[in-house]
Amino acid sequence: MEPLHADAPLAAVTTTVASAEDARRLAQAVLAQRLAACVQIEAVVSHYRWQGALHEDTEHRLVCKTVPGAVPALLGLLRAMHPYELPELVVQPLQASARYADWVRQECGAA
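First residue of the sequence shown? That's 4 in our numbering, and the numbers climb one at a time after it.
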């Protein structure tokens, strides 16, 4: 197995939206601006409290694989285009194989 590339960290930026159409729209905008190398979309069921009531809704989670330097612009784009009043915007540091990290950096224009 290829070792993780700890000296070239990546980031995962996660958000959720209500519809597959909104998820595709956000993913395409992120990729068009080279703010992420990959955006994964999956259906999830979210349980949460909002405005004093409990909710259970099907949502679409987007996970954007990017470089740390692109995170501020990526968050700005997601905030500007997001349909929610209060979107989930979570950033997590990632370690990846050297080849995958190199690919992400290349696709984000950070090679």
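We put the CB at the ideal spot given by N, CA and C, even for glycine.
All of these numbers come straight from a predicted model, not from anything done at the bench.
Looking at the backbone, the Cα of GLN54 and that of GLU91 are separated by about 15 Å. Taking a cut-off of 8 Å for Cβ pairs, the segment 18 to 25 and the segment 74 to 89 touch, as three or more such pairs fall below it.
When only Cα atoms are considered, ALA30 and ALA73 end up about 15 Å apart. For LEU57, the enclosing beta strand (DSSP E) has its first and last residue at 56 to 69. Rounded to the nearest angstrom, the Cβ distance from PRO96 to ALA14 is 6 Å, consistent with a contact under 8 Å. In this structure, THR19 lies near ARG64, with their beta-carbon atoms less than 8 Å apart. For TYR51, the enclosing beta strand (DSSP E) has its first and last residue at 41 to 53. DSSP links LEU89 through a beta bridge to no other residue.
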